[in-house]
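Just so we're aligned, residue 220 is where the sequence shown starts under this note's numbering, counting upward by one. Cβ atoms here follow ideal geometry from the backbone N, Cα and C, with glycine treated the same way.
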Amino acid sequence: MEKLREVDVIIVGQGLAGSSLAYELIKRDQKVVVIDRQDEGSSSRVAAGLITPLTGKGMNPAWRQEEYLSKAIEHYQELADKTGQCVYFPQPVLRVFSSQKERAKWLTKKGEQDRWAEEVDSLPEPILSEHGAIVMPDGAWVDTLAYLSVIRGLLVEHEAIINADFKQSEVNVLNDGVEWRGIVARKIILCQGAYGLKKQMHTQASGHSNGEGGDKQACEQQAEWFGDVIHRSAKGEILTLKINGLDESSRYHAQGWLAPRGGNHWKAGASYDWQQLNSETTAEGRDQILTRLRSWIKPGIELEVVDHAAGVRPIIRNSRPVVGFHKEHSQLGFLNGLGSKGALMAPAVAAHLAQHLCGECALDEELDYYRSLSSPAAGDSTKDCELHRAMRVEIITGSLLHCAHRIISSVVKHGDTVVDATLGNGHDTLFLAGCVGAGKSDGLVIGYDIQPEALLATRERLETAGIDSSCYELHEESHEMLARNSAKAVAAVMFNLGYLPSGDKEIITLVDSTMRALASAAKKLSQGGVLSVMCYPGHAGGDSEALTVKGWFESLDTDDYKVTMYQRQGAKATTPYLLIAKKGDVPYIVKTAVADLG
């Protein structure tokens, strides 16, 4: 019988997370094996490795930035001293304001963020801006390909790297460890990025009252252990450009970004696609990046595309990294969610996890994914709720449906286009028709449902109310198609999940189509628009759908969306709740809209 190889930790994935963790464990004299499938389209291999002190529309520092930046610099310098290979390059970042609104936003942040940025008096000649700019001296970039190569070299030295396509089904869970292909370890840690978070789906009859087709669906199960991790993923495309005549001493951010790589070559990015989650490059992604760059680079400057790459990165819990261990088998764990800030956060998070795996410390509560899911009691203050959730929580005593209607009616104007993503019996459709002034203006309501009886009931309700047929469109198809049927941006999208009241309770909304529909809705929503979703965790299938939808709302960028969860007073785990996302800076509800519900 062949002797089993014994190690301390098996790591799956040699991206930024897995590489950093392996290095930190080896430093602590731990025996590791890293399993990697050498995917050229992985986000770590495609990433530009940018460290940007203030990011997003809100111009905010990253979570724990002061701590994590110092640890990142120490990590990369230590590696350079050990191997002679420099992978970390300081580089100031110029943030060019694209509008007066953006400059005004900076002025509100100026005193608060002086540690990270200061205004500049002038910009290099080819850069266009009427609104000024700030410089961030602590900017930097990490050569991620070089970093992965250096770590791989160390792993080869320790005979600790295996090229293989990892499958969870090949792992035997033991009483005090795991075994994979003849290798026994105390722990196995998944560091697979978006690939490791592919949604687990079972073959089942699909179809529901509110927008799912009736075909059977199935997909390979990739996330058996941590299929409950709430996330969304984004595909990003990056170009390599040749640009002559642009100062290479700084990196530039405005609509998109330009990062110098020497010899008049620049990395440029990035596009975002929430639906086509693969590593295939597209003409649309390329054109999106070039169009944004040309909005702030002087005409006549040639942008020559010399390379084009794409990758998919995961976004978990408001874009923060997370660590988790299986609820039943503590020997199974994961490190994920580094997203676009992997170069900054990977060293510190990996070092902490290595310390925990070696028994040196308890797991940081704020990094512990499953502990962060625990909800505060209904009586907790809003401030306490915000410590536990990536959204504001409101406890109300009145109707959740009336709450949704009041919020939407405070935003939608006559002449707007709106969407009822789940027609049901047409009550919300009629409400939306009133909001857009159907019959009195050019307002339009677009509705979706897969059940003919739902369309019939809705049409009868609208006709009885005197709504002209030219003011609404009813589609007998899945709500995931909503982005296709409106050329204009929409002011509101309403979802009422679950099954058709008085209809077949076996036909329900399903997670897969609902998530695609939400992605489409966010894409079509206008600035100031409202996305409303009523969740029903109390029926079969509704609990997992509600949890996934809630996680998607929590993952929305807080610079772009104001997100609130409304619950009834005394709510239980099975009680319905309302999720609202408002796109943009304008408050989506006046005080009386909640206070006088009763």
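Task: Rounded straight-line distance, which links the Cα of LYS707 to that of GLN746 - done: For this step, residue 746 is matched to residue 527 along the sequence shown. For this step, residue 707 is matched to residue 488 along the sequence shown. Rounded to whole angstroms, GLN746 to LYS707 spans 12 angstroms at the Cα level.
Task: Residues of its chain near LYS324, where Cβ-Cβ distance is below 8 angstroms and the 5 sequence neighbours each way are ignored - done: What you label residue 324 is simply residue 105 of the sequence shown in a count that begins at 1. Here the set comprises LYS276, GLY277, MET278.
Open item on the list: On the DSSP bridge list, what partners appear for GLY232?
Closed with: Taking the sequence shown and counting its residues from 1, one reaches residue 232 at position 13. DSSP output for GLY232 lists no bridge partner at all.
Open item on the list: If you reduce the DSSP assignment to three classes, tell me which class ALA453 lands in.
Closed with: For the purposes of this step, residue 453 is identified with residue 234 of the sequence shown, where counting begins at 1. Note: ALA453 maps to strand in three-state DSSP.
Task: From PRO671, VAL768, THR363, residue whose alpha carbon lies closest to that of ASN715 - done: Here residue 715 refers to the residue found at position 496 of the sequence shown. Nearest Cα to ASN715 within the set PRO671, VAL768, THR363: VAL768.
Task: 8 angstroms contact criterion, which GLU235 and GLY561 should meet: CB distance rounded - done: Position 16 of the sequence shown, counted from the first residue, corresponds to residue 235. Position 342 of the sequence shown, counted from the first residue, corresponds to residue 561. In the sequence on display, residue 235 carries Leu and not Glu. Contact holds; Cβ gap of about 4 angstroms.
TODO: In the DSSP assignment, find the beta strand (DSSP E) that holds TYR471 and state where it starts and stops.
DONE: What you label residue 471 is simply residue 252 of the sequence shown in a count that begins at 1. 470-473 is the span of the beta strand (DSSP E), which, as asked, contains TYR471.
Task: ARG283 in three-state terms, based on DSSP - done: Mapped onto the sequence shown, residue 283 falls at position 64. If DSSP states are grouped into helix, strand and coil, ARG283 belongs with coil.
Open item on the list: With H, G and I counted as helix, E and B as strand and the rest as coil, what does DSSP make of ILE245?
Closed with: Within the sequence shown, the letter at position 26 stands for residue 245. The three-state secondary structure of ILE245, taken from DSSP, is helix.
- [ ] Assign ARG256 to one of three DSSP states: helix, strand, or coil.
- [x] The count along the sequence shown starts at 1 and reaches residue 256 at position 37. The three-state secondary structure of ARG256, taken from DSSP, is coil.
TODO: Just grab the DSSP bridge partners of ARG314 for me.
DONE: Walking along the sequence shown from the start, residue 314 turns up at place 95. ARG314 is bridged to ILE353, HIS472.
TODO: State yes or no: is the C-beta of ILE508 nearer than 8 angstroms to some heavy atom of the ligand HEM?
DONE: Among the components modelled here there is no ligand, and therefore nothing to report on the ligand HEM.
Open item on the list: If you measure between the beta carbons of VAL655 and MET713, is that distance less than 9 angstroms?
Closed with: Against the sequence shown, residue 655 aligns to sequence position 436. Against the sequence shown, residue 713 aligns to sequence position 494. Going by C-beta atoms, VAL655 is not nearer than 9 angstroms to MET713.
Open item on the list: For GLU613 and LEU775, I'd like the C-alpha separation in whole angstroms.
Closed with: The sequence position of residue 613 within the sequence shown is 394, counting from 1. The sequence position of residue 775 within the sequence shown is 556, counting from 1. Near 18 angstroms, if we compare the C-alpha coordinates of LEU775 and GLU613.
Open item on the list: Buried or exposed for GLN550, going by 16 or more other Cβ atoms inside 10 Å?
Closed with: Residue mapping note: residue 550 aligns to position 331 of the sequence shown, counting from 1. So GLN550 ends up on the buried side.
Open item on the list: Going by beta-carbon coordinates alone, are ILE831 and VAL226 separated by less than 9 angstroms?
Closed with: There is simply no residue 831 to check, as the chain begins at 220 and stops at 817 in what is shown.
Task: Continuous beta strand (DSSP E) assignments of at least 3 residues falling wholly in the stretch 327-401 - done: Entirely contained in the stretch 327-401, the beta strand (DSSP E) runs reaching 3 residues are, in chain order, 352-355, 359-361, 380-382, 390-392, 397-399.
- [ ] Write down the C-beta distance between ALA291 and LEU563 rounded to the nearest angstrom, noting that I regard them as a contact closer than 8 angstroms.
- [x] The count along the sequence shown starts at 1 and reaches residue 291 at position 72. The count along the sequence shown starts at 1 and reaches residue 563 at position 344. About 6 angstroms; that satisfies the 8 angstroms criterion.
Task: 7 angstroms Cβ shell around GLY396 - same chain, five flanking residues per side excluded - done: Stepping through the sequence shown from its first residue, residue 396 is reached at position 177. Shown here for GLY396: same chain residues with a beta carbon closer than 7 angstroms to its own, the five before and five after excluded, namely VAL403, ALA404, ARG405, GLN550 in chain order.
Open item on the list: What does DSSP give as the partner residue(s) for ILE614 in the beta ladder?
Closed with: As a working mapping, residue 614 is identified with position 395 in the sequence shown. According to DSSP, ILE614 bridges with GLN786.
TODO: Determine the direct distance from the alpha carbon of SER238 to that of ILE245, and round the result to whole angstroms.
DONE: Here residue 245 corresponds to residue number 26 of the sequence shown, with the count starting at 1. Here residue 238 corresponds to residue number 19 of the sequence shown, with the count starting at 1. When rounded, the distance between both Cα atoms is 11 angstroms.
Task: Residue range of the beta strand (DSSP E) that includes HIS527 - done: As a working mapping, residue 527 is identified with position 308 in the sequence shown. It spans 523-534 - the beta strand (DSSP E) in which HIS527 sits, taken as one unbroken run.
Task: According to DSSP, residues forming a beta bridge with GLU692 - done: Taking the sequence shown and counting its residues from 1, the one referred to as residue 692 is at position 473. Partner(s): ILE665.
Task: Paired residues, beta bridge with THR274 - DSSP - done: For the purposes of this step, residue 274 is taken as the residue at position 55 of the sequence shown. Beta-bridge pairing by DSSP links THR274 to ASN279.
TODO: Determine the direct distance from the alpha carbon of VAL730 to that of GLU431, and round the result to whole angstroms.
DONE: Working through the sequence shown from its first residue, we reach residue 431 at position 212. Working through the sequence shown from its first residue, we reach residue 730 at position 511. Legend: pLDDT at GLU431 = 28, less than 50; position of this residue unreliable, value from coordinates given subsequently. Rounded to the nearest angstrom, the two C-alpha atoms are 10 angstroms apart.
Task: Range covered by the beta strand (DSSP E) that runs through THR636 - done: In the sequence shown, counting from the first residue as 1, residue 636 sits at position 417. Unbroken beta strand (DSSP E) run through THR636: 636-639.
Task: PRO343 versus CYS305 - alpha carbon distance - done: Reading the sequence shown from its first residue, position 124 is the one you call residue 343. Reading the sequence shown from its first residue, position 86 is the one you call residue 305. Counting only the Cα atoms, CYS305 lies some 28 angstroms from PRO343.
- [ ] Please look up how many angstroms separate the CB atoms of ILE380 and ARG371, rounded, as I've assumed it's under 8 angstroms.
- [x] The residue labelled residue 380 in the question sits at position 161 within the sequence shown. The residue labelled residue 371 in the question sits at position 152 within the sequence shown. Distance from ILE380 to ARG371 at the Cβ level is roughly 6 angstroms; contact confirmed, criterion being Cβ atoms closer than 8 angstroms.
Open item on the list: Does THR484 come out as helix, strand or coil in the three-state DSSP assignment?
Closed with: Here residue 484 refers to the residue found at position 265 of the sequence shown. According to the sequence as given, residue 484 is His; it is not Thr. In the structure shown, the three-state DSSP call for HIS484 is strand.
- [ ] With a threshold of 16 other CB atoms inside 10 Å of the CB of TYR491, please say whether the residue is buried or exposed.
- [x] Here the question's residue 491 lines up with position 272 in the sequence shown. Only exposed fits TYR491, as fewer than 16 other CB atoms lie within 10 angstroms of its CB.
Task: Cα-Cα separation, ALA711 to VAL390 - done: Here residue 711 is taken as the residue at index 492 of the sequence shown, counted from 1. Here residue 390 is taken as the residue at index 171 of the sequence shown, counted from 1. Cα to Cα, ALA711 sits roughly 47 angstroms from VAL390.
- [ ] Apply the 10 Å Cβ neighbour rule to VAL524 and answer buried if 16 or more other Cβ atoms are within range, or exposed otherwise.
- [x] Here the question's residue 524 lines up with position 305 in the sequence shown. VAL524 is exposed by the Cβ-count criterion.
TODO: Answer yes or no: do TRP444 and ILE229 have a C-beta to C-beta separation smaller than 9 angstroms?
DONE: The count along the sequence shown starts at 1 and reaches residue 444 at position 225. The count along the sequence shown starts at 1 and reaches residue 229 at position 10. In this structure, TRP444 lies away from ILE229, with their beta-carbon atoms at least 9 angstroms apart.
Task: Pick from HIS633, LYS743, ASP668, TYR242 that is closest to CYS690, judged by C-alpha positions - done: Start at 1 with the first residue of the sequence shown, and residue 690 comes out as number 471. Distance from the Cα of CYS690 is smallest, within the candidate group HIS633, LYS743, ASP668, TYR242, for HIS633.
TODO: Indicate whether GLU467 and ILE508 have their beta-carbon atoms separated by less than 9 angstroms.
DONE: Taking the first residue of the sequence shown as position 1, residue 467 is located at position 248. Taking the first residue of the sequence shown as position 1, residue 508 is located at position 289. For the pair GLU467 and ILE508, the CB atoms are not nearer than the 9 angstroms cut-off.
Open item on the list: Quick check: the Cα distance between GLU349 and GLY268, rounded to an integer number of angstroms?
Closed with: To locate residue 349, count along the sequence shown from 1; it is residue 130. To locate residue 268, count along the sequence shown from 1; it is residue 49. GLU349 and GLY268 have their C-alpha atoms spaced approximately 29 angstroms apart.
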